[in-house]
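This report refers to the structure that appears directly beneath it.
Chains as they are written, first to last, in the working numbering: chain L, 1 to 111; chain Z, 112 to 253; chain C, 254 to 414; chain H, 415 to 823.
Dropping the structure here:
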């Protein structure tokens, strides 16, 4: 599967209500090591209610400078949340469907 | 498109995220469009896309299925389709296998020489057929 | 993804239309329309006069002087083409355009002489020596000044300040 | 002593490297039509380029990433590609203008038609890019470019009425003859000439070429903070010469030969010879910088191996793209288009495209992941923000003004 097919597609819950768009995919390098680097396991996807354009990566790094640009972009992406792999029911070509009991986590990057 | 009704996630419903053990990477932020350097620091290409061992599209994912992982960094024609839509046939995808990747920082480093990678065939072709032929092409600038 | 492609195409189309609007269409020889070419030619003949003047004082080289004259000749020719392109229905506009064209013609003739005089290697400081008899540098300078005065008079008459 | 020489060399090179055909022509045109009433724009532009070059130099030195890699990483491929297309086209226009400038200067020196000089200039530029080491290329063209100081000398020799010049400069008024639209159009052109994006691509890629480290930042900052303002002073001197000689005579500059007239009047054939040497060196240096910039932008966007410190064979696509750019520039000149006209448009389009390259640099200069503790301090950020507003305003106003004034006709 190609990642950009996933990015930008809609995210709906089990009842079909639209939650937002996939703005990013989070990976963690903590599973079985290959020769050089360990496998990059898909932790989950980041859903942004308004727009998928993850604009300049501000919304998750807690950067505050330069003054208006950072605040403007964080406001633009407010309400983004992380959905874990276990809560994804189906990754369709048109949209991603979540399981009924999905949990929304904070999308802030661990510092 | 399914129901147009939008269900807004209330901020109170968002819980603190579990912290995975290893290095955490966001694709857009840390992987896509990053410069790839080979073991000697020679630039190979820029990451245009990622290939996952991911689930087949439009098929329900069974409970407890193993999460997909990155199988390769993609480069070349896939940049055009990523910007203007559509998708290149899978045989035209130029892959850098994930297991040659040796580090992810402000750049992505691979543990092999760039000439051994399929991603550098244009560079090698031009070197052998054009630039290498021009006199002085393989001299250090003096 | 492809709606970006469509949006890109519309932007490019808009730019093309924009560029079309930029090209001037042919105008009537009102004083306003004549102001551009007239000022261009005035600036060109002044520059050529300055070049000849500097050459007489041996302050500039033959190459620089002749290049300047050549450039200015090009300016006058393009201004002349522009004015010739004007449609002049009324009698009064027609006479104004023709006067302007005759003035441009005298200026370009003077500039031709200037360019020839300027290309001749400076034979030393004495006056009037380089170039053929009637086209020595001082004579050319006088010719250029007369042509300039003629244009200046015509411009004030036509109300172009 | 060696360090002092190094510092002096850096500053001198920055002065010589600052002025190119865009500054030369735009300042002469503005001087011949508006006198010094637009001199304040050069000051604003110089402060802007000092700020912008400092930030991108620091990003390159601390993170090792040159400008265009950062632009693509930060803005994603779509905005990055739009940025690349705009910057590449403007670079191509500037390369065409610079090579045209070299040819015009050689025509001024020899009287031979400039179109015959274009292939000579082209080959010379390519040979230097192909073989000459980065440092030598930078210093030689920079030092020779210094001979443009002849404009300042000529200004003194002309013994102008300093009171009038000062009043024009410090109390700028829009002359009713030219009208506000043309005044502001040329203000943007002058701003674009001072803050050309290619200078920043070249400056930050040069930092990577010469492997600057954090300790080199002091030297780089000195070069910029002393070299560029003095380069700006030269630009104002060019405008002043035109204002003193050409403005009263009603000559509005449209060709390089007219730019030389005030210098010939002030210092005769010697001054003229020094001027021609200065113009050839400045435009030659700028042609090298713009050709390299187009190679840098392409290579850094697509991730090719690039850099003059590498053998051409080790950076095949980089060198190939530059050869193509030079040939394209020559092809444009061969159509007989007037290089001065191309120059006037290139500086305005530089001003239009400036936000595309300025914003990502301002953002990354504040990103701890790239910069560690060398992120912008508060003062730089405030200045950076003020200039973001100025740059956006100039960029948005450029096209409407271009239409209204028919490109400053």
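We put the CB at the ideal spot given by N, CA and C, even for glycine.
Whole angstroms are fine: how far does the CA of residue j sit from the CA of residue i?
| i | j | result |
| --- | --- | --- |
| residue 23 of chain L | residue 457 of chain H | 43 Å |
| residue 41 of chain L | residue 1 of chain L | 14 Å |
| residue 742 of chain H | residue 506 of chain H | 8 Å |
| residue 793 of chain H | residue 554 of chain H | 35 Å |
| residue 221 of chain Z | residue 611 of chain H | 32 Å |
| residue 127 of chain Z | residue 45 of chain L | 15 Å |
| residue 817 of chain H | residue 264 of chain C | 17 Å |
| residue 420 of chain H | residue 427 of chain H | 10 Å |
| residue 92 of chain L | residue 164 of chain Z | 15 Å |
| residue 386 of chain C | residue 353 of chain C | Confidence at residue 386 of chain C is low in this model, with a pLDDT of 46, below 50, so its placement is unreliable and no value can be given for it. |
| residue 390 of chain C | residue 360 of chain C | 16 Å |
| residue 357 of chain C | residue 292 of chain C | 11 Å |
| residue 886 of chain H | residue 603 of chain H | Nothing in the structure corresponds to residue 886 of chain H, since chain H is present only between 415 and 823. |
| residue 480 of chain H | residue 630 of chain H | 16 Å |
| residue 50 of chain L | residue 489 of chain H | 18 Å |
| residue 695 of chain H | residue 142 of chain Z | 43 Å |
| residue 69 of chain L | residue 797 of chain H | 14 Å |
| residue 600 of chain H | residue 700 of chain H | 22 Å |
| residue 11 of chain L | residue 77 of chain L | 16 Å |
| residue 114 of chain Z | residue 19 of chain L | For residue 114 of chain Z, the predicted model reports a pLDDT of 40, less than 50, meaning its position is unreliable and no value from the coordinates is stated. |
| residue 400 of chain H | residue 754 of chain H | This structure cannot speak to residue 400 of chain H, because chain H is shown only from 415 to 823. |
| residue 244 of chain Z | residue 719 of chain H | 18 Å |
| residue 180 of chain Z | residue 510 of chain H | 49 Å |
| residue 619 of chain H | residue 413 of chain C | 52 Å |
| residue 310 of chain C | residue 677 of chain H | 14 Å |
How is residue i classed by DSSP in three states: helix, strand or coil?
| i | result |
| --- | --- |
| residue 220 of chain Z | strand |
| residue 66 of chain L | coil |
| residue 36 of chain L | coil |
| residue 472 of chain H | helix |
| residue 386 of chain C | Because the pLDDT at residue 386 of chain C is just 46, under 50, the model does not fix this residue reliably, and the point stays unresolved. |
| residue 102 of chain L | coil |
| residue 294 of chain C | helix |
| residue 25 of chain L | strand |
| residue 107 of chain L | coil |
| residue 213 of chain Z | strand |
| residue 452 of chain H | coil |
| residue 665 of chain H | coil |
| residue 487 of chain H | helix |
| residue 437 of chain H | helix |
Within 8 Å (strictly less), CB to CB, does residue i reach chain L?
| i | result |
| --- | --- |
| residue 485 of chain H | no |
| residue 138 of chain Z | yes |
| residue 236 of chain Z | no |
| residue 595 of chain H | no |
Counting only beta-carbon separations shorter than 8 Å, does residue i have a partner in chain H?
| i | result |
| --- | --- |
| residue 241 of chain Z | yes |
| residue 69 of chain L | yes |
| residue 229 of chain Z | no |
| residue 320 of chain C | yes |
| residue 144 of chain Z | yes |
| residue 295 of chain C | yes |
| residue 396 of chain C | no |
| residue 193 of chain Z | yes |
Using a cut-off of 8 Å between C-beta atoms, extract the partners of residue i located in chain B.
| i | result |
| --- | --- |
| residue 106 of chain L | No chain B appears in the structure shown, which is made up of the protein chains L, Z, C and H. |
Using a Cβ cut-off of 8 Å (strictly closer), state whether residue i contacts chain C.
| i | result |
| --- | --- |
| residue 501 of chain H | no |
| residue 426 of chain H | no |
| residue 799 of chain H | no |
Please report whether the beta-carbon of residue i lies at a distance below 8 Å from any beta-carbon of chain Z.
| i | result |
| --- | --- |
| residue 490 of chain H | yes |
| residue 26 of chain L | yes |
| residue 477 of chain H | yes |
| residue 98 of chain L | no |
| residue 73 of chain L | no |
Exercise. With contact counted as at least three CB pairs below 8 Å, one residue from each stretch, are the segment 437 to 450 of chain H and the segment 639 to 656 of chain H in contact?
Worked result: yes
Exercise. Which ranges would you report for the alpha helix (DSSP H) in the segment 140 to 208 of chain Z if only whole runs of at least 4 residues count?
Worked result: 189 to 195
For this session: Any chance you could list the alpha helix (DSSP H) runs of at least 4 consecutive residues sitting entirely within the segment 721 to 750 of chain H, in chain order?
Result: 730 to 748
Problem set entry | alpha helix (DSSP H) runs wholly inside the segment 560 to 645 of chain H, at least 4 long, in chain order | 564 to 571, 576 to 584, 593 to 608, 611 to 623 and 631 to 636
Exercise. Taking contact to mean at least 3 C-beta pairs separated by less than 8 Å, is the segment 137 to 157 of chain Z in contact with the segment 220 to 238 of chain Z?
Worked result: yes
Problem set entry | Any alpha helix (DSSP H) of 4 or more consecutive residues that is wholly inside the segment 306 to 348 of chain C | 315 to 337
For this session: Specify whether the segment 726 to 745 of chain H and the segment 575 to 591 of chain H touch according to this definition: at least 3 beta carbon pairs, one from each stretch, less than 8 Å apart.
Result: no
Exercise. How do the segment 528 to 544 of chain H and the segment 556 to 568 of chain H stand: do at least 3 beta-carbon pairs fall below 8 Å, yes or no?
Worked result: no
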